[in-house]
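Inspection log for the structure reproduced underneath, given as structure tokens.
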Amino acid sequence: MGAAQYTGRMTSERPSTGPSARVRRNRAIVGALAVAVVTAALAGTVWWAAKPAPDHTVAPAASASPSSSPSLAPTPQPDKPKTFFNRGARSIDDPASIWVVNNKLRPLAPIDYAPADLVQANVPGSAPLRAEAAAAMEQMFAAASAEAGLTLVVQNAYRSYATQVSLHDRLVGQLGKERARAQSAMPGYSEHQTGLTADIMAANGACTIQECFATTPEGIWLAENAWRFGYHLRYPQGATDVTGYIFEPWHYRYVGLDLAAELHAIGTPTLEEFFGLPPAPDYPPGV
Numbered sequence: 000m001g002a003a004q005y006t007g008r009m010t011s012e013r014p015s016t017g018p019s020a021r022v023r024r025n026r027a028i029v030g031a032l033a034v035a036v037v038t039a040a041l042a043g044t045v046w047w048a049a050k051p052a053p054d055h056t057v058a059p060a061a062s063a064s065p066s067s068s069p070s071l072a073p074t075p076q077p078d079k080p081k082t083f084f085n086r087g088a089r090s091i092d093d094p095a096s097i098w099v100v101n102n103k104l105r106p107l108a109p110i111d112y113a114p115a116d117l118v119q120a121n122v123p124g125s126a127p128l129r130a131e132a133a134a135a136m137e138q139m140f141a142a143a144s145a146e147a148g149l150t151l152v153v154q155n156a157y158r159s160y161a162t163q164v165s166l167h168d169r170l171v172g173q174l175g176k177e178r179a180r181a182q183s184a185m186p187g188y189s190e191h192q193t194g195l196t197a198d199i200m201a202a203n204g205a206c207t208i209q210e211c212f213a214t215t216p217e218g219i220w221l222a223e224n225a226w227r228f229g230y231h232l233r234y235p236q237g238a239t240d241v242t243g244y245i246f247e248p249w250h251y252r253y254v255g256l257d258l259a260a261e262l263h264a265i266g267t268p269t270l271e272e273f274f275g276l277p278p279a280p281d282y283p284p285g286v
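Residue 168 in numbering that gives the first Met the number 0 sits at position 169 of the sequence shown; the count goes up by one each step and never skips.
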């Protein structure tokens, strides 16, 4: 029997042994993506390598210019301690002390005291004074002339106990006891007896031993400057109830530079108030 005759049509196509078209397309896409990823990675690496490394050096702090720096408030300084004035440095009872306080309640002791160092001050007028007071007065008169063109004259200075007796008795006869005692001290109670006091007047005689002397150029200059030379206006205005005497703008008492400056600085008008003494408006009963 012969072979059976094949009636089907022969084809020249062989069965496919490789991937299908769709698979090949997917592989192509994946390959392209892979290439893109690699390219991007390489580009990033190159960029990172080219990027300058961060500078980790710490920059120094900028110094503020003098013009921009805030001004500092000054440090408060403690007040300077006030200089203590020793009010007991000299006696106020000893008639030879330049701080002696004698008034209508404080007679000199002894009552007929006379200074041992009287000299004549080299100034116009009659000016017997204790040596220290005389030297200070010479300086004061010279300053009045040099600074203000004024000529001062001493009208009265030291008076002895005997002289004070004569003067007081005469005033009592002229004015009566009460008025005389308001204007002139009794013997032994007068500051003139200490040799530390002078009555000062103007060379032209204006308002001599009168209250109006306070308004003259000489009186004004003395009121403002006498303390610089150790002199103090002993009977100021408005202090009659303390000192026992009316306002005497011509009556200056030497107390020394330290005390005069202290009285001027604190504004205490009388020695009685400064030393805490009782007012002396009148003599004690029986005097």
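Positions of the beta carbon are idealized from the N, C-alpha and C atoms, including for glycine.
> Near W220, what residues of its chain come up, given a Cβ to Cβ distance below 7 Å and the 5 sequence neighbours on each side ignored?
Replying inline: Answer for W220: A143, A147 and L149, listed in chain order.
> A141 to T162, Cα distance in whole Å?
Replying inline: 29 Å
> Where does Y157 sit, in a helix, a strand or coil, going by DSSP?
Replying inline: The DSSP-derived three-state label of Y157 is coil.
>> Check whether the region 127 to 139 and the region 161 to 177 touch, using three or more Cβ-Cβ pairs below 8 Å as the test.
In response: With contact defined as three or more Cβ pairs closer than 8 Å, the region 127 to 139 and the region 161 to 177 are not in contact.
> Does the beta-carbon of L182 have 16 or more other beta-carbons within 10 angstroms, so that it is buried, or is it exposed?
Replying inline: For the sequence presented, residue 182 should be read as Gln rather than Leu. With a threshold of 16 other beta carbon atoms within 10 Å, Q182 falls short and is exposed.
> To the nearest whole angstrom, what separates the beta carbons of F228 and P235, a pair I think is in contact under 8 Å?
Replying inline: 18 Å between Cβ atoms; not a contact.
>> Which residues does DSSP list as the beta-bridge partners of V118?
In response: L128
>> On the criterion of 16 or more Cβ atoms from any shown chain inside 10 Å, does F83 qualify as buried, or is it exposed?
In response: Classification for F83: exposed.
> With burial defined as no fewer than 16 other Cβ atoms inside 10 Å of the residue's Cβ, what is the status of P186: buried or exposed?
Replying inline: By the Cβ neighbour-count rule, P186 is buried, with 16 or more other Cβ atoms within 10 Å of its own.
> Starting from A179 and walking both ways along the alpha helix (DSSP H), at which residues does that stretch end?
Replying inline: K176 to Q182
>> Restricting to Cα atoms, I'd like to know which of L104, N102, S189 and I91 is closest to A113.
In response: S189
>> What does the Cβ neighbour count give for V286, buried or exposed, with the cut at 16 atoms within 10 Å?
In response: exposed
> Apart from the five residues on each side of it in sequence, which residues of its chain come closer than 6 Å, Cβ to Cβ, to A156?
Replying inline: The answer, listed in chain order, is A126, P127, L128 and A197.
> At a cut of 8 Å, does the region 206 to 214 reach the region 272 to 279 through at least three beta carbon pairs?
Replying inline: The way I'd put it, the region 206 to 214 doesn't touch the region 272 to 279; fewer than three beta-carbon pairs between them come closer than 8 Å.
> Rounded to a whole number of angstroms, what is the C-alpha to C-alpha distance between P278 and H231?
Replying inline: 18 Å
>> Could you give the first and the last residue of the continuous beta strand (DSSP E) run that contains H231?
In response: Y230 to L232
>> I'd like the list of long-range same chain contacts for D281, defined as Cβ closer than 7 Å, with 5 residues on each side in sequence excluded.
In response: Cβ neighbours of D281 beyond the five flanking positions: K103 and G243.
>> Starting from T242, trace the alpha helix (DSSP H) in both directions and tell me its first and last residue.
In response: T239 to T242
>> Against chain B, with Cβ distances strictly below 9 Å, would T267 count as a contact?
In response: Of the protein chains in this structure there is only one, and it is not chain B.
> Just how far apart, CA to CA, sit I199 and I91?
Replying inline: 24 Å
> By how many angstroms is the C-alpha of W226 removed from the C-alpha of L262?
Replying inline: 8 Å
>> For R158 and A264, I'd like the C-alpha separation in whole angstroms.
In response: 31 Å
> Can you give the Cα-Cα distance for Y253 and R233, rounded to whole angstroms?
Replying inline: 9 Å
> Does the distance from the CB of E217 to the CB of L151 come in under 9 Å?
Replying inline: yes
>> Just to confirm, is the Cβ distance from A202 to H191 under 9 Å?
In response: no
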